[in-house]
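Each remark here refers to the structure printed beneath this line.
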Amino acid sequence: MYEDKTLVCKDCGQEFTFTAGEQEFYAEKGFVNEPQRCKACRDARKNAVRGEREMFEATCAKCGGVAKVPFRPRED
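Counting from 1, position 68 in the sequence shown corresponds to residue 68 in the working numbering; the numbering is continuous, with no gaps.
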């Protein structure tokens, strides 16, 4: 039913693909407009509005690996 579409970002002018899966998601959510910005420009716009999110390092208790998380880890 849906097919991939090539769209042009209104901010940077680059072509991007509006995939069949994304179109299906938009339809399920009731969105009627196609996206006007590529993912990079959408992300940049979101970050500009809300500011950069502070990230914290946390060490996994099981494997000892380090990860970045959006909340301050507990000290225990």
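Heads up, the beta-carbon is just placed ideally off N, CA and C, and yes, glycines get one too.
Cβ-Cβ separation, residue j to residue i (assumed contact under 8 Å), whole Å
i   : j   : result
K68 : E57 : 6 Å
R37 : K10 : 6 Å
R53 : P70 : 6 Å
Start-to-end residues for the beta strand (DSSP E) that takes in residue i
i   : result
E57 : 56–59
K5  : 5–8
Rounded separation between residue i and residue j - CA only
i   : j   : result
D4  : R74 : 44 Å
G30 : V66 : 39 Å
A20 : M55 : 33 Å
C12 : A61 : 43 Å
R45 : Q14 : 16 Å
For residue i, three-class secondary structure by DSSP
i   : result
F31 : coil
F71 : coil
E22 : helix
K46 : helix
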